[in-house]
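**Student:** Quick note: the sequence shown, position 205, residue 205 per UniProt numbering, numbers continuous.
Virtual Cβ for every residue (Gly too), placed ideally from N, Cα, C.
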Amino acid sequence: MMKKLFLPVGMLIVIALSFLYPAPGVMMKGMGLNNLLIVAIFLVCGWQTDVDNLRYDHRMGLIFVAGAVLTLGVAPWLAVGLTRVLRISELPAIGLIVMSAVPPTLSSGIVMTANAGGNVLLSLSLTIGYNLLGVVTLPLMLTWCLSGDTAVSTQPATMFFNLLALVVQPFFAGFIFQRVFRLRPPSWLGYVPSLCVLLLLLNFFSGSQGVLRSYPLGMLALSGLGSLVLHAVLMALMWFGGRAMRFPLADCKAMIFTGASKTVTITLATLAILGVGEGLAVVPCLVFYFVQMIVDSMLAARMGAIGKS
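(1) Excluding sequence positions up to five away, which residues of its chain have a Cβ less than 8 angstroms from the Cβ of ASN119?
(2) With DSSP run on the structure shown, which of helix, strand or coil describes ASN119?
(3) For GLY307, I'd like the list of residues in its chain whose CB is within less than 6 angstroms of its CB, leaving aside the five on either flank, ordered along the chain.
(4) For the region 177-187 against the region 253-271, are there 3 or more C-beta pairs whose distance is under 8 angstroms?
(5) If we ignore side chains and look at the alpha-carbon of each, how far apart do VAL192 and LEU138 end up?
(6) With PRO76 and ALA101 assumed to form a contact (beta carbons below 8 angstroms), what rounded beta-carbon distance in angstroms separates them?
(7) Report yes if the CB atom of THR49 is closer than 9 angstroms to the CB atom of LYS262, and no otherwise.
(8) What are the boundary residues of the alpha helix (DSSP H) that includes ARG179?
(9) What is the DSSP secondary structure of LEU275, counted as helix, strand or coil?
(10) Could you check the C-alpha separation between PHE172 and THR83 for me, to the nearest Å?
(11) Between the region 66-76 and the region 235-243, are three or more C-beta pairs nearer than 8 angstroms?
(12) My assumption, with CB atoms under 8 angstroms, is that GLY95 sits in contact with VAL282. Please give the rounded CB distance.
(13) How should GLY109 be labelled, buried or exposed, when 16 other C-beta atoms within 10 angstroms of its C-beta is the threshold for buried?
(14) For the putative contact between LEU86 and GLY174, defined by C-beta atoms under 8 angstroms, what is the C-beta separation to the nearest angstrom?
(15) Relative to the C-alpha of GLY129, which residue among ALA232, ALA236, VAL295 and THR71 is closest?
(16) Taking only runs of the alpha helix (DSSP H) that begin and end inside the region 191-251, which ones reach a length of at least 4 residues, in chain order?
(17) Indicate the three-state DSSP secondary structure (helix, strand or coil) for ARG302 in the structure shown.
(18) How many angstroms separate the CA atom of ALA269 from the CA atom of MET303?
(19) Where LEU199 and LEU146 are concerned, what is the direct C-alpha to C-alpha distance, given to the nearest angstrom?
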């Protein structure tokens, strides 16, 4: 329970600290630690990734492709449409679009699938596969979806190589370390990625407290509404698409909790690469993350209870 609450509660503490005592975050920003923190996150994630128990069957390819099209291809365009319909301003809209284009979170989707009584091994397979594929699709989708925005300069080749250096290489370095030395990561290491995310947020928010103090409540409400609608539509597409293709119930549960979840870690890394890792763009991403965690935890608990009964 403590590990599940560590990041959400920590985010609230970081936001409060950024307002009350921003000096540590401002000092970190001056030290240029962002890239080091991002590398540490994925180095640990690679070390923790266990593929020994993965099993594949004839449905795996179809499920993977169907989910990838929705979560990596359709989701960003849904976000573009929502931000226009809700008239969300430029930087918050960029944050929401980037959040919708990133691959699934590396942990919570698998946990939610397990709580719902879904196919955990399929969830793990989709999570790893989509995160690797996302390094290729993310620069392309953002180039198309943000082509009219003046606040960012989307250079897909540069973004791809940055993601390769900051995400893929550390991930595989950690994974290879685990396979070569056969060392299981200690339990406390599971807190390191979340701690690094919190330090990144402290960096972003402390340097943007002037913007945050004037952040309009109406825009915050619109970001929350957009996040809820986007997450709900993605889950519905995953669920009904899976049922229409006659996937087993357990596989559909894996699809909705993996495919509709989004990682805040790669989102923050991408915003930093785009040069908009400031308060206005980051806040909608945090709102999306909280909405995602609340909706998924409630739905997973409900599905798990129904499955047991």
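**Tutor:** Judging by the given coordinates:
(1) Taken in chain order, the residues that qualify are THR113, PRO248, ALA250, ASP251, LYS253 and ALA254.
(2) ASN119 falls in the coil class under three-state DSSP.
(3) Cβ within range, chain order: GLY117.
(4) These segments do not touch.
(5) Between the alpha carbons of VAL192 and LEU138 lies a gap of roughly 25 angstroms.
(6) Indeed they touch by this definition, with Cβ atoms about 4 angstroms apart.
(7) At a Cβ-Cβ threshold of 9 angstroms, THR49 and LYS262 do not count as neighbours.
(8) Counted as a single uninterrupted DSSP element, the alpha helix (DSSP H) harbouring ARG179 occupies residues 169-181.
(9) Per the sequence presented here, residue 275 reads as Gly, with Leu not at that position. DSSP places GLY275 in the coil class of the three-state scheme, outside both helix and strand.
(10) Taking C-alpha positions only, PHE172 is separated from THR83 by approximately 35 angstroms.
(11) As far as the Cβ criterion goes, the region 66-76 touches the region 235-243, which means the pair count is three or higher.
(12) Their Cβ separation, rounded to whole angstroms, is 6 angstroms, which keeps GLY95 and VAL282 in contact under 8 angstroms.
(13) So GLY109 ends up on the buried side.
(14) Contact between LEU86 and GLY174 does not hold, since the beta-carbon distance rounds to 39 angstroms and is not under 8 angstroms.
(15) The shortest Cα separation from GLY129 among ALA232, ALA236, VAL295 and THR71 belongs to THR71.
(16) Counting whole runs of 4 or more residues, the region 191-251 contains the alpha helix (DSSP H) stretches 192-206, 209-213 and 217-244.
(17) Residue state for ARG302 is assigned as helix, using DSSP reduced to three classes.
(18) Taking the straight line from one Cα to the other gives about 33 angstroms.
(19) Looking at the two C-alpha atoms, the distance is approximately 27 angstroms.
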